[in-house]
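> There's a structure below that I have some questions on.
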Amino acid sequence: GQSLEQPSEVTAVEGAIVQINCTYQTSGFYGLSWYQQHDGGAPTFLSYNALDGLEETGRFSSFLSRSDSYGYLLLQELQMKDSASYFCAVVTGKLIFGQGTTLQVKP
Amino acid sequence: KAGVTQTPRYLIKTRGQQVTLSCSPISGHRSVSWYQQTPGQGLQFLFEYFSETQRNKGNFPGRFSGRQFSNSRSEMNVSTLELGDSALYLCASSLKGPSGANVLTFGAGSRLTVL
Numbered sequence: 001g002q003s004l005e006q007p008s009e010v011t012a013v014e015g016a017i018v019q020i021n022c023t024y025q026t027s028g029f030y031g032l033s034w035y036q037q038h039d040g041g042a043p044t045f046l047s048y049n050a051l052d053g054l055e056e057t058g059r060f061s062s063f064l065s066r067s068d069s070y071g072y073l074l075l076q077e078l079q080m081k082d083s084a085s086y087f088c089a090v091v092t093g094k095l096i097f098g099q100g101t102t103l104q105v106k107p
Numbered sequence: 108k109a110g111v112t113q114t115p116r117y118l119i120k121t122r123g124q125q126v127t128l129s130c131s132p133i134s135g136h137r138s139v140s141w142y143q144q145t146p147g148q149g150l151q152f153l154f155e156y157f158s159e160t161q162r163n164k165g166n167f168p169g170r171f172s173g174r175q176f177s178n179s180r181s182e183m184n185v186s187t188l189e190l191g192d193s194a195l196y197l198c199a200s201s202l203k204g205p206s207g208a209n210v211l212t213f214g215a216g217s218r219l220t221v222l
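If you want it as structure tokens, here you go:
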């Protein structure tokens, strides 16, 4: 089967850097995606890693290591509006999501 | 351009009833996939349609079904509702489907409550 594990909650202060880890067990996939979901809102796409290494998009970066079955999302210069749930997902022809990490940013 | 539109946004049903949810994808998007979101189980894949054909299916009972029309609009149906079917049902559209770097755009969801 396929499964992904993420921490359930992470707390950080405004302006800080936070890393949300995602470990997975899957037999073959196109890549790893990250989605953000604010309370009551729809998930929105953040980033995608097809190859090992770091992808940077503004304040957000995402990393993938296929050999370690591991990825992470790095959020820099945290803002209050970054408080949301973050989901990693393996792309296999369908998206298999992790349980999500709730990030709380405090002033 | 208009986003993904899901209707109805909220609905309440009783056990044993059936429900039909609708999803209108972004214009030009041919793939529609459906997800069930619950606090305990997270986001779970239901099925994906492309050009009116179901291409992938998740691990849900046969009470959950769907279809896609020639204009790419999609519907999902849940028959013989159970309390555990209470969830947010999300629809996502994309150009080609959830493969590679193809980005999924989600609708706001239909929140179903089963009493």
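Top line first, the protein sequences correspond to chains A and B. At position 46 of the first sequence (counting the first as 1) the number is 46 in our numbering, and the numbers step up by one without a gap. Counting from 1 along the second sequence, just add 107 to a position and that's the residue number in our numbering. For every residue, glycine included, the Cβ atom is placed at its ideal position computed from N, Cα and C.
What residue does the beta strand (DSSP E) around residue 28 of chain A start on, and which one ends it?
By one-based count along the first sequence, residue 28 of chain A stands at place 28. Element bounds for residue 28 of chain A: n/a, residue is neither H nor E.
> With 8 Å as the C-beta to C-beta threshold (strictly closer), list the residues of the region 38–52 of chain A near chain B in chain order.
So the list reads 41, 42, 43, 44, 45, 48, 50, given in the order they occur along the chain.
> Are residue 64 of chain A and residue 103 of chain A closer than 8 Å when you measure CB to CB?
Against the first sequence, residue 64 of chain A aligns to sequence position 64. Against the first sequence, residue 103 of chain A aligns to sequence position 103. In this structure, residue 103 of chain A does not lie closer than 8 Å to residue 64 of chain A by Cβ.
> Should residue 176 of chain B be flagged as near chain A, meaning a C-beta pair shorter than 8 Å?
For the purposes of this step, residue 176 of chain B is identified with residue 69 of the second sequence, where counting begins at 1. So no, residue 176 of chain B is outside the interface.
> Would you mind sorting residue 136 of chain B into buried or exposed? The rule is 16 or more other CB atoms within 10 Å of its CB.
The residue you call residue 136 of chain B lines up with position 29 of the second sequence. The residue is buried, with at least 16 neighbouring Cβ atoms inside 10 Å.
> Which residues does DSSP pair with residue 144 of chain B in a beta bridge?
Start at 1 with the first residue of the second sequence, and residue 144 of chain B comes out as number 37. Beta-bridge pairing links residue 144 of chain B to B/150, B/195.
> Hey, would you say residue 49 of chain A sits closer than 8 Å to residue 62 of chain A, going by beta carbons?
As a first step, residue 49 of chain A must be located in the first sequence, where it is residue number 49. As a first step, residue 62 of chain A must be located in the first sequence, where it is residue number 62. Yes, Cβ-Cβ distance for residue 49 of chain A and residue 62 of chain A is below 8 Å.
> Taking the straight line between their C-alpha atoms, what separation do you get for residue 155 of chain B and residue 212 of chain B?
Reading the second sequence from its first residue, position 48 is the one you call residue 155 of chain B. Reading the second sequence from its first residue, position 105 is the one you call residue 212 of chain B. Cα to Cα, residue 155 of chain B sits roughly 13 Å from residue 212 of chain B.
> Alpha carbon to alpha carbon, how far is residue 27 of chain A from residue 41 of chain A? Give it in angstroms, no decimals.
Against the first sequence, residue 41 of chain A aligns to sequence position 41. Against the first sequence, residue 27 of chain A aligns to sequence position 27. Whole-angstrom Cα-Cα distance: 31 Å.
> Helix, strand or coil, according to DSSP, for residue 190 of chain B in the structure here?
Stepping through the second sequence from its first residue, residue 190 of chain B is reached at position 83. Looking at residue 190 of chain B - three-state DSSP - the assignment turns out to be helix.
> Buried or exposed: where does residue 118 of chain A fall if 16 or more other Cβ atoms within 10 Å of its Cβ makes it buried?
Because chain A spans 1 through 107 in this model, residue 118 of chain A falls outside it and cannot be assessed.
> Determine the DSSP secondary structure at residue 81 of chain A, reduced to helix, strand or coil.
On the first sequence, residue 81 of chain A is found 81 positions in, with the first residue counted as 1. Looking at residue 81 of chain A - three-state DSSP - the assignment turns out to be helix.
> Check the Cβ of residue 36 of chain A against every Cβ in chain B and list those closer than 7 Å, keeping chain order.
Within the first sequence, residue 36 of chain A is the residue found at index 36, counting from 1. None at all; the shortest Cβ gap to chain B is about 11 Å.
> In chain A, what lies closer than 7 Å to residue 163 of chain B by C-beta?
By one-based count along the second sequence, residue 163 of chain B stands at place 56. In chain order: 93, 94.
> Can you tell which of A/73, A/52, A/53 has its C-alpha closest to the C-alpha of residue 60 of chain A?
Translated into positions along the first sequence, residue 60 of chain A becomes position 60. Of A/73, A/52, A/53, the residue nearest in Cα terms is A/73.
> Would you check if there are 3 or more beta carbon pairs closer than 8 Å linking the region 115–122 of chain B to the region 84–98 of chain A?
Result no; under three Cβ-Cβ pairs closer than 8 Å.
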